[in-house]
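S.K.:
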Amino acid sequence: MREIPTLLAGLALGITSALAQSGDLTIPKSIEAGAAFSIQCSGSGKGTLYIAGPGQMIKQDVQLGGTIAIPVGTLYNAGHYSVWIASDSSTQSGSLDVLPAQKPSDLTFIAKPSRLPVALHNAITGSAYVFDTYGNLITAPMQVSFQLSNPGAPAQTRTVETRNGAAWTQMDSSPREGKAQFVARVGDISSTRIVGQVPGDPCTLKMSAKPAGNKIQLVTEPVRDCSGNAIPDGTIVTFTETYNDSKSTVDVPLKKGIASVQMPAHNGATISVASGVVLGNQIRWAQ
Amino acid sequence: MLKSLFVISAFSTALSAFAADQPAVHVEQPHLQGPRELQQQTAKAVVQDYLDAWQSMGKALDENRPDLLDRDFTGAAKDKIAATIKAQSAAGVHTSYRDRSHDVQILFYSPEGLSIQLADNVEYEVQLSSGGKSVGTQQVKARYIVVLTPSEVRWRVRIFQSEAQ
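In the order they appear, the protein sequences are chains A and B.
Mapping of the first sequence onto the numbering used here: residues 502 to 788, in sequence order.
Mapping of the second sequence onto the numbering used here: residues 156 to 320, in sequence order.
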């Protein structure tokens, strides 16, 4: 006796299951993000439309047996969507892909570093991702133009085709110090970053000495990098005096491009000058 | 470097074999553009964090809890999925995403090291329930393009987008 209700329930479930898979929707395979589209379904009466994906979920009441119009701007996040139209007696299903719009609307652009020494090869990098107006990554190839405008030097330009929405480039820093504009452009969208280019290490370091009472007056020539840019004030220059077994060292910041200091005048002393890893000339003091 | 990624692949496949509910994972040799070298530890961490993100997303969409996205998602990807969860909650709908297999390939490591892009041919099952009743289930094959960016302790998914195969 108990088996009959079970069997009936099983049949009922079977019928439900068959009905649930009885019809497929007529639906576009893909649409552009935000575009209008329509879904055709069979049956009669009222039902509920579900469009579900990780990027968006839409639920709305619909009339079965006709065309369901989805207006512009309804489904706009790119991705794969599962579609169901369910009523009390049936469920119809399908799927569609939402593709990114082809017109670029936004650009994520990262330039590194924001500050670096002059005259370095391929030291500035830029990478960009291209998005449509809905924030979808445009994965179709697009031309991205990168331009680095250096003060006192010709602009460097590279045009790169995106792969899966990404493009990157490398640029040289200018021989001249100053702020460079680094621009990434796709279509009529652009994004600008400022790259500070500062002098490199001192190229040559030369000092002279003259008596100043019972001391020696030491003065460097204006300190420049190998491209001729003045090394910034505040850069430390180290003077070292060696006499017999004693050694005295004085660190002096550059002021107006030169470093100057007075040290004890010992006959036969050896004086050297350095800045960072750059060694300057050496003087042997003899009165 | 290639050898190390084969190791990742073997590790992942072995891992999936021992855990029946875990998806099968295959990691392909990277097809990198960009001048930055990809270290083995970085590649392994990115793939693992990406797979973890699938678990977080599945749970968040199933339980309609956007807070579950916090660990693994950021930026636009997080905003979009959180908006989906909000819409699901308002409509009384749940979706269950169960990933069955992943075929992952790292495509791009940006020169400054602030983003990694990968592609994933993924197979998953999506089930939709409304008002406590199952509406339907679909088996899906999709190609995901994903961009991850580093955070304090892990890589987070910033772009999560499938495209037509």
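In this text, a Cβ means the ideal position worked out from N, Cα and C, and glycines have one as well.
Computed from a prediction, not measured in an experiment: that's the story for all the values here.
Kindly indicate which three-state DSSP category residue 190 of chain B falls into: helix, strand or coil?
M.R.: For the purposes of this step, residue 190 of chain B is identified with residue 35 of the second sequence, where counting begins at 1. Three-state result, residue 190 of chain B: coil.
S.K.: Indicate whether at least one CB of chain D lies closer than 7 Å to the CB of residue 197 of chain B.
M.R.: The structure shown contains no chain D; its protein chains are A and B.
S.K.: From the DSSP output, in three-state form, read off residue 221 of chain B for me.
M.R.: What you label residue 221 of chain B is simply residue 66 of the second sequence in a count that begins at 1. Residue state, collapsed to three classes: helix.
S.K.: Residues of chain A with a CB under 8 Å from the CB of residue 189 of chain B: which are they?
M.R.: Residue numbering aside, residue 189 of chain B sits at position 34 when the second sequence is read from its first letter. Within chain A, the residues near residue 189 of chain B are 628 and 669.
S.K.: Specify the secondary structure class of residue 244 of chain B as computed by DSSP and reduced to three states.
M.R.: On the second sequence, residue 244 of chain B is found 89 positions in, with the first residue counted as 1. DSSP places residue 244 of chain B in helix when its eight states are reduced to three.
S.K.: If we call anything under 7 Å between Cβ atoms a contact, is residue 190 of chain B one with residue 257 of chain B?
M.R.: Within the second sequence, residue 190 of chain B is the residue found at index 35, counting from 1. Within the second sequence, residue 257 of chain B is the residue found at index 102, counting from 1. No, the Cβ-Cβ distance between residue 190 of chain B and residue 257 of chain B is not below 7 Å.
S.K.: Of all the options B:290, B:310, B:223 and B:236, which has the alpha carbon lying nearest to the alpha carbon of residue 271 of chain B?
M.R.: Translated into the one-based positions of the second sequence, residue 271 of chain B becomes position 116. Nearest option by C-alpha distance: B:310.
S.K.: Using the Cα positions of residue 772 of chain A and residue 742 of chain A, report the straight-line distance between them to the nearest angstrom.
M.R.: For the purposes of this step, residue 772 of chain A is taken as residue 271 along the first sequence, with counting starting at 1. For the purposes of this step, residue 742 of chain A is taken as residue 241 along the first sequence, with counting starting at 1. For residue 772 of chain A and residue 742 of chain A, the distance between alpha carbons rounds to 4 Å.
S.K.: Helix, strand or coil: which one does DSSP assign to residue 708 of chain A?
M.R.: Residue mapping note: residue 708 of chain A aligns to position 207 of the first sequence, counting from 1. Three-state result, residue 708 of chain A: strand.
S.K.: Is there a Cβ from chain B that is less than 7 Å from the Cβ of residue 557 of chain A?
M.R.: Counting from 1 along the first sequence, the entry for residue 557 of chain A is found at position 56. True, the Cβ-Cβ gap to chain B drops below 7 Å.
S.K.: Kindly say whether residue 635 of chain A, judged by its beta-carbon, lies nearer than 7 Å to any beta-carbon of chain B.
M.R.: The residue you call residue 635 of chain A lines up with position 134 of the first sequence. Closer than 7 Å: no.
S.K.: For the structure I just gave you, are there three or more beta carbon pairs, one from the segment 631-639 of chain A and one from the segment 604-611 of chain A, closer than 8 Å?
M.R.: yes
S.K.: Using the beta-carbon of each residue, which ones in chain B are nearer than 9 Å to residue 598 of chain A?
M.R.: The count along the first sequence starts at 1 and reaches residue 598 of chain A at position 97. Result: 297, 317, 318, 319 and 320.
S.K.: Can you tell me the Cα-Cα spacing of residue 249 of chain B and residue 557 of chain A, whole angstroms?
M.R.: For the purposes of this step, residue 249 of chain B is taken as residue 94 along the second sequence, with counting starting at 1. For the purposes of this step, residue 557 of chain A is taken as residue 56 along the first sequence, with counting starting at 1. Using only the alpha carbons, I get a separation of about 12 Å.
S.K.: Under 7 Å, do residue 677 of chain A and residue 652 of chain A count as touching if we go by C-beta distance?
M.R.: Within the first sequence, the letter at position 176 stands for residue 677 of chain A. Within the first sequence, the letter at position 151 stands for residue 652 of chain A. A Cβ-Cβ contact shorter than 7 Å links residue 677 of chain A with residue 652 of chain A.
S.K.: Does residue 306 of chain B have its Cβ less than 7 Å from a Cβ in chain A?
M.R.: Reading the second sequence from its first residue, position 151 is the one you call residue 306 of chain B. Answer no: the Cβ-Cβ gap between residue 306 of chain B and chain A never drops below 7 Å.
S.K.: Look up residue 778 of chain A in the DSSP assignment and give the residues it is bridged to.
M.R.: Counting from one through the first sequence, the residue named residue 778 of chain A turns up at place 277. For residue 778 of chain A, which the question treats as bridged, DSSP gives no partner whatsoever.
S.K.: Can you tell me whether DSSP reads residue 660 of chain A as helix, strand or coil?
M.R.: For the purposes of this step, residue 660 of chain A is identified with residue 159 of the first sequence, where counting begins at 1. Residue state, collapsed to three classes: strand.
S.K.: Identify whether residue 635 of chain A lies in helix, strand or coil by the three-state DSSP scheme.
M.R.: The residue labelled residue 635 of chain A in the question sits at position 134 within the first sequence. In the structure shown, residue 635 of chain A sits in coil (DSSP, three-state: anything other than H, G, I, E or B).
S.K.: Using 7 Å as the limit for Cβ to Cβ distance, is residue 585 of chain A near chain B?
M.R.: The residue given as residue 585 of chain A occupies position 84 in the first sequence. Yes, because at least one Cβ of chain B sits closer than 7 Å to the Cβ of residue 585 of chain A.
S.K.: Just to confirm the assignment: which complete beta strand (DSSP E) runs, minimum length 3, are found wholly within the segment 528-555 of chain A?
M.R.: 531-533, 538-541 and 547-554
S.K.: To which residues does DSSP link residue 693 of chain A through a beta bridge?
M.R.: In the first sequence, the residue the question calls residue 693 of chain A occupies position 192. Note: residue 693 of chain A sits in a beta bridge opposite A:684.
S.K.: In chain order, what residues of the same chain lie with their CB nearer than 6 Å to the CB of residue 313 of chain B, ignoring the 5 residues before and after it?
M.R.: For the purposes of this step, residue 313 of chain B is taken as the residue at position 158 of the second sequence. 229, 230, 232, 302 and 304.
S.K.: List the residues of chain B whose Cβ lies closer than 7 Å to the Cβ of residue 560 of chain A, in chain order.
M.R.: The residue given as residue 560 of chain A occupies position 59 in the first sequence. Those within 7 Å of residue 560 of chain A in chain B are 246 and 248.
S.K.: Tell me which residue opens and which closes the beta strand (DSSP E) that residue 284 of chain B is part of.
M.R.: Counting from 1 along the second sequence, the entry for residue 284 of chain B is found at position 129. Element bounds for residue 284 of chain B: 271-285.
S.K.: Can the beta-carbon of residue 766 of chain A be found closer than 7 Å to that of residue 715 of chain A?
M.R.: Locating residue 766 of chain A in the first sequence gives position 265, counting from the first residue. Locating residue 715 of chain A in the first sequence gives position 214, counting from the first residue. Yes, these two residues count as a Cβ contact at 7 Å.
S.K.: For residue 613 of chain A, would you say it is in contact with chain B, using Cβ-to-Cβ distances shorter than 7 Å as the test?
M.R.: Within the first sequence, the letter at position 112 stands for residue 613 of chain A. It does: the Cβ of residue 613 of chain A has a partner Cβ on chain B nearer than 7 Å.
S.K.: Spell out the partners DSSP gives residue 698 of chain A in its beta bridges.
M.R.: Here the question's residue 698 of chain A lines up with position 197 in the first sequence. According to DSSP, residue 698 of chain A bridges with A:617 and A:679.
S.K.: I want to see whether chain A comes within less than 7 Å of residue 269 of chain B, judged by CB atoms only; does it?
M.R.: Locating residue 269 of chain B in the second sequence gives position 114, counting from the first residue. Yes - at least one Cβ of chain A is within 7 Å of the one on residue 269 of chain B.
S.K.: Does the Cβ-Cβ distance between residue 293 of chain B and residue 277 of chain B come in under 7 Å?
M.R.: If you number the second sequence from 1, residue 293 of chain B lands on position 138. If you number the second sequence from 1, residue 277 of chain B lands on position 122. Not a contact, by the Cβ cut-off of 7 Å.
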